[in-house]
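Only one structure is covered here, and it is reproduced in the block below.
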């Protein structure tokens, strides 16, 4: 499975970005897909996940600002990021869990920088 992320960039505080991640290759039943981020000097952490049944999980710091969605027909997951803050600056990685037993796949990362 290959994951191709896009949509990162430089944005001012309060601005918006939309990340996209397209999955290709042999994909078994998707268990969950979503986004993690890693800021300089910090560990990679969960941002948002969407599960097979459609339920969503967000880290507290992005609730009310970020929205995760997916297009199953396009094998694509999105992250709409609104009201961005400097502390959102990080490399964002898309993630896919599929199959049983579960197999994990990671995208290459896309840089999000929030700065005036």
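In the numbering used here, the protein residues as written are 1 to 116. Built from N, CA and C at the ideal position, the CB exists for glycine as well.
Nearer than 7 angstroms: is that true of the beta carbon of residue 9 relative to any heavy atom of the ligand MN? For the structure depicted, the ligand MN is absent and the ligand set is empty, with no information on it obtainable.
Taking just the CA atoms, how far does residue 96 sit from residue 71? In the chain shown, residue 71 corresponds to position 71, counting from 1. In the chain shown, residue 96 corresponds to position 96, counting from 1. The alpha-carbon atoms of residue 71 and residue 96 are separated by roughly 14 angstroms.
Residue 69 - DSSP class collapsed to helix/strand/coil: Numbered from 1 along the chain shown, position 69 holds the residue referred to as residue 69. Here residue 69 sits in strand by DSSP.
Going by beta carbon distance, what residues of the same chain come within less than 8 angstroms of residue 25, once the five residues before and after it are set aside? Working through the chain shown from its first residue, we reach residue 25 at position 25. So the qualifying residues of the chain are 1, 2.
Can you tell which of 6, 39, 76 has its C-alpha closest to the C-alpha of residue 49? As a working mapping, residue 49 is identified with position 49 in the chain shown. Closest by alpha carbon: 76.
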